[in-house]
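Student: Counting from 5, one number per residue, gives the positions in the sequence shown under this note's numbering. Backbone N, C-alpha and C fix where the C-beta goes; we use that ideal spot for every residue, glycine too.
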Amino acid sequence: MNNRSVPRTLAAASAALLALGGVAACSDEKAGGDPQRVDVVAAFYPLQFLAERIGGDAVTVSNLVKPGAEPHDVELNPSQVGDVAGAELVVYLKGFQPQVDEAVEQNAADRAFDVATVAPLLDAAAGGHDHEHEGEEPGHAEESGAAEEPGHEEETGGKDPHLWLDPTRLATVGDQLAERLGKADPDRAADYTARAASLRTELEKLDADLAAGLKTCQRREIVVSHTAFGYLAERYQLEQIGITGLSPDNEPSPQRLAEVIEEAKEHKATTIFFETLVSPKVAETIADQVGARTAVLDPLEGLSTDDGGDYLSVMRTNLATLRTALSCS
Ligand SMILES: [Zn+2]
Ligand SMILES: [Zn+2]
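Dropping the structure here:
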C-alpha cells in the first residue's frame, strides 16, 4: 500500500469538508443526509449487513468498499472521507483497513464503533494447521505454524481481524451495534434491540447448522487462498492451510507454494478454495499439481457484484461447499 497517498487524500477531503461546511452552516443537518434517519457508514460488507438488518428503515447505510472490491487495502477518496466525517455512526474494525482507521481517527473518533473491541480477537495463528499432535510423522513438525506468514504482525498486531466468520461473534457485535444506534437515536432504541435479537436468532440457527453439518467429516483441513477463516476453523474444529497470510494481496513465495502442495497431497485435499474477490490463479495452480478441483469458499469480505445473496445465504453456500469438499456425512 502506498502510505504517501494517505495525507494527500485526507487533505483533499478536509478541503471538501470546508466547502461543505460553508453550504450547510445554517443547518444542523448534514448535506444529503435524511434528517429522519441515522446516517451510518460501514467499513465493509458484514458491518453493512449488520447495520442494515439492525437499523432497518431508521438508518441510511453506506459501505466504504464498492461491491466487487476487496476491502483490506481500500483507498478512500475525498468524498468517502467526507462521508466518514459526516456520519452519525461509523462502524469499522480497527486493524483491518488502515485508511479507514486513519479517517476515523482524524474525523469521527467520537462517533465510531470499533467492532474489534466487542470481544478479544483471536491470535493470527488460531484455527491454523500444524502437526504438533500427530507425532507419527517425524520431520513434518518443522512445517508447523502453516498459517503464519510474514506480514501478520505489522498488519494486525498478531491478531486475526476476520471475526465475522463466526456467526455467534457477529451476533454479539450486532447486540452492541443496537446499543450504539439506540444512543444515537434514543426514540427508536427498542426497535434496534428487537431487530438485533431477531438477527441473533438467525445467526444462532446458522451456527447450529454449521456445527451439525461439519461435525462428521472425512477431512478437516481446508486449503484456502488467504487465512481469512481462522474464526470459522476455530469454531467448527477445522484447520486452515492458507496459501497467503491474513491479507489476500501477499504473493506466496515459491517455498510456500511447495509447502501448500505437500500439505494438500498429504491430507488428500479434494478441493483448493479460492475467493470471489481475488484471482483464482494460484489456487488453480495448486489444484493442478495435486489433482484437486477448485471451489469458492467466500470469506464474505464483500459481496461479489453478480451475487444476490447476503451474509446468511453466502454462509449457507459455504457450508454446502465445505460438506462436499470434506466429505461430511
Ligand atoms: Zn481477509
Ligand atoms: Zn499437514
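#1: Candidates I247, R192 and P252: which alpha carbon is nearest A262's?
#2: From what residue to what residue does the beta strand (DSSP E) around E225 run?
#3: At a cut-off of 7 Å, is E270 close to ligand 2 when judged by its beta-carbon and the heavy atoms of the ligand?
#4: Taking 7 Å as the cut-off, is the beta-carbon of E267 closer than that to any non-hydrogen atom of ligand 2?
#5: With three or more beta-carbon pairs closer than 8 Å as the criterion, would you say the region 211-222 touches the region 283-298?
#6: How close, in whole Å, do the beta carbons of V45 and V88 come, if the pair is a contact with beta carbons under 8 Å?
#7: Look at the Cβ atom of P75, then the Cβ atom of E305, and state whether they are nearer than 8 Å.
#8: What are the partner residues of T64, as DSSP defines its beta bridges?
#9: Could you have a look at D77 and say whether DSSP puts it in helix, strand or coil?
#10: Does A19 come out as helix, strand or coil in the three-state DSSP assignment?
#11: Assign P171 to one of two classes, buried (16 or more other C-beta atoms within 10 Å of its C-beta) or exposed (fewer than that).
#12: Just verifying my parser: in three-state terms, what is the DSSP assignment at K163?
#13: Cβ of H133 within 7 Å of any heavy atom in ligand 1?
#14: Using C-beta distances below 6 Å, list every residue in its chain close to G60, excluding the 5 sequence neighbours before and after it, in chain order.
#15: Are the CB atoms of H166 and P256 nearer to each other than 8 Å?
#16: How far does the alpha helix (DSSP H) with R297 in it extend, from its first residue to its last?
#17: Considering only the alpha carbon of each residue, which of L185, T328, T274 and H230 lies closest to A91?
Tutor: On the basis of the coordinates in this document:
#1: I247
#2: E225 to H230
#3: Correct: E270 has its Cβ closer than 7 Å to ligand 2.
#4: In terms of side-chain proximity, the C-beta atom of E267 is found nearer than 7 Å to a non-hydrogen atom of ligand 2.
#5: Contact between the region 211-222 and the region 283-298 is absent, because fewer than three Cβ pairs lie under 8 Å.
#6: Confirmed, about 6 Å.
#7: yes
#8: D43
#9: Under the three-state reduction of DSSP, D77 is assigned to coil, being neither helix nor strand.
#10: Annotation note: pLDDT 46 at A19 (below 50); position unreliable, no value reported.
#11: buried
#12: Strand at K163.
#13: no
#14: Closer than 6 Å at Cβ, skipping near neighbours: R199.
#15: no
#16: Here R297 belongs to no alpha helix (DSSP H); instead the beta strand (DSSP E) covers R297 to V300.
#17: Taking A91 as reference, the option from L185, T328, T274 and H230 with the minimal CA-CA separation is L185.
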